[in-house]
Amino acid sequence: MNVFGHEVTVLVKRVYVIRVPLDEQRISECLKDGYWRVKHLQETNSTQAEISDNLDNFNDGDLVISEFQSAGRGRLARTFIAPAQSSLLFSFLYKPKQEISAWGWLSLLIGVSITETLNREINNGFSTKWPNDVLFDNKKVAGILCEKTSRHGVIVGIGINVNYQESELPVPTATSLNLIIGKDLDRTSLFLHILADIKDNLTLWESNTSLIREKYMKSSSTLNSDVRVILPNEKTIESKAVDIDHDGALILDSGDVISAGDVIHLR
Ligand code: BTN
Numbered sequence: 015m016n017v018f019g020h021e022v023t024v025l026v027k028r029v030y031v032i033r034v035p036l037d038e039q040r041i042s043e044c045l046k047d048g049y050w051r052v053k054h055l056q057e058t059n060s061t062q063a064e065i066s067d068n069l070d071n072f073n074d075g076d077l078v079i080s081e082f083q084s085a086g087r088g089r090l091a092r093t094f095i096a097p098a099q100s101s102l103l104f105s106f107l108y109k110p111k112q113e114i115s116a117w118g119w120l121s122l123l124i125g126v127s128i129t130e131t132l133n134r135e136i137n138n139g140f141s142t143k144w145p146n147d148v149l150f151d152n153k154k155v156a157g158i159l160c161e162k163t164s165r166h167g168v169i170v171g172i173g174i175n176v177n178y179q180e181s182e183l184p185v186p187t188a189t190s191l192n193l194i195i196g197k198d199l200d201r202t203s204l205f206l207h208i209l210a211d212i213k214d215n216l217t218l219w220e221s222n223t224s225l226i227r228e229k230y231m232k233s234s235s236t237l238n239s240d241v242r243v244i245l246p247n248e249k250t251i252e253s254k255a256v257d258i259d260h261d262g263a264l265i266l267d268s269g270d271v272i273s274a275g276d277v278i279h280l281r
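Structure follows, in structure tokens:
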């Protein structure tokens, strides 16, 4: 209420964020078991390219994280841009033990893992959008890029918007974790929690594929929603998303089975 007895809404825009580098010492102390081996860079063109350009030198669980990427890659040949020290930008090599036909589930599993971390550590309300975004309030906070290699397995790339000023967001449909909770976050701690959840879910997937499916069903805001799908050839389909098949493809009520494309949630 103001002095005249009127309701007043105060809109506070975040104009300043504190940016600090990741804490390398804490990372190496917490990852002593050797499942992940982390290389921390200040700058690179792309953490995906760090691995794909040197594949013979990378093993299962080798991970590159960078404070800044000058040519970050998104899905469908898009760019992925983030201010230095604002985000978690990392890639790792994973050699699935599953049949190659099931590898489509990997990006869904990574989305589930990030969603689980954020719902537990930050705020309930995060969900996965098929195929590989993490949303809060229908806005994107994280994207996942899985690139198959011919002999070495899959390069998994993850970009999470952590500490942003509103004016830095790349599109109006994106947001960041600090803008959701109203305070800046410790990226090191978040990174460690996410790696622990990814490790647990990869281990689970290796022994039991149906449990990951169950988790995905719970975390997905795409399933049971009316969606518009934009296919790589620009054709669009509107229908209800009803299921995921054994390859990780999206099944629509119309009977269409979508293995690549962009999804827009209509309601
Ligand atoms: C998407 O939303 O389209 C996927 C974005 C994936 C971005 C991450 S950031 C770390 C890794 N390196 C890249 O160049 N891309 C991925």
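15 is the number of the first residue of the sequence shown in the working numbering; add one for each residue after it.
C-beta: ideal position from N, C-alpha, C; glycine also.
Remember, it's a predicted structure, so these values are computed and weren't measured experimentally.
| heavy atom of the ligand BTN below 7 Å from I128 C-beta | no
| Leaving out five residues before and five after P110 in sequence, what residues of the same chain have Cβ atoms less than 7 Å from its Cβ? | W117, L120, G167, V168
| request: Indicate the three-state DSSP secondary structure (helix, strand or coil) for I194 in the structure shown. | output: helix
| Run through DSSP, which three-state label would G125 get? | helix
| query | Going by alpha carbons, who is nearest to D74 out of G269, Y49, T61? | reply | Y49
| query | From which residue to which residue does the alpha helix (DSSP H) around K232 run? | reply | 223-233
| field | Sequence-distant residues of its chain with Cβ nearer than 7 Å to A274 (five each side left out) | value | P246
| field | For L183 and K46, the rounded distance between their alpha carbons | value | 35 Å
| request: Could you tell me the boundaries of the beta strand (DSSP E) in which A255 lies? | output: 250-258
| message | For the ligand BTN, I want to know if L159 counts as a neighbour, meaning its beta carbon is within less than 7 Å of at least one of the ligand's heavy atoms. | response | yes
| said: Suppose you measure from the CA of D267 to the CA of F140; what does that come to, to the nearest Å? | reply: Per the coordinates, the alpha-carbon of D267 lies some 25 Å from the alpha-carbon of F140.
| The beta strand (DSSP E) with A63 in it runs from where to where? | Counting along the chain, A63 falls outside any beta strand (DSSP E), though it belongs to the alpha helix (DSSP H) covering 61-66.
| request: Answer with buried or exposed for V170, where buried requires no fewer than 16 other C-beta atoms within 10 angstroms of its C-beta. | output: buried
| field | Beta-carbon spacing of I272, L280 below 8 Å | value | no
| query | When the Cα atoms are used, what is the spatial distance from D257 to L237? | reply | 6 Å
| Per DSSP, what kind of secondary structure is Q83 in: helix, strand or coil? | strand
| field | Among A63, G157, L132, the one whose alpha carbon lies nearest that of F94 | value | G157
| request: Figure out for me which residue from Y230, E228, L206, L69 has the closest Cα to the Cα of R40. | output: L206
| task | Out of R165, I172, I194, T163, point me to the one whose CA is closest to Y178's CA. | result | I194
| Range of the contiguous alpha helix (DSSP H) that encloses E43 | 38-44
| Using 8 Å as the threshold, is the stretch 84-103 in touch with the stretch 53-63, meaning 3 or more CB pairs across them? | yes
| said: Excluding the 5 residues flanking Q99 on each side, which residues of the same chain have their C-beta closer than 7 Å to its C-beta? | reply: R33, V34, P35, E81
| message | Checking 8 Å against the spacing of the C-beta atoms, do V148 and S105 come in under that value? | response | no
| Short check: CB of L191 to CB of I251, under 8 Å? | With contacts defined as CB atoms closer than 8 Å, L191 and I251 fail to qualify as a contacting pair.
| query | Cβ of I251 less than 8 Å from any chain D Cβ? | reply | This model lacks chain D altogether, as it is built from one protein chain only.
| beta-carbon L103 near the ligand BTN non-hydrogen atom, thresh 7 Å | Yes; taking the cut-off as 7 Å, the Cβ of L103 has a heavy atom of the ligand BTN nearer than that.
| Hey, how far is the Cα of V241 from the Cα of L199? | 32 Å
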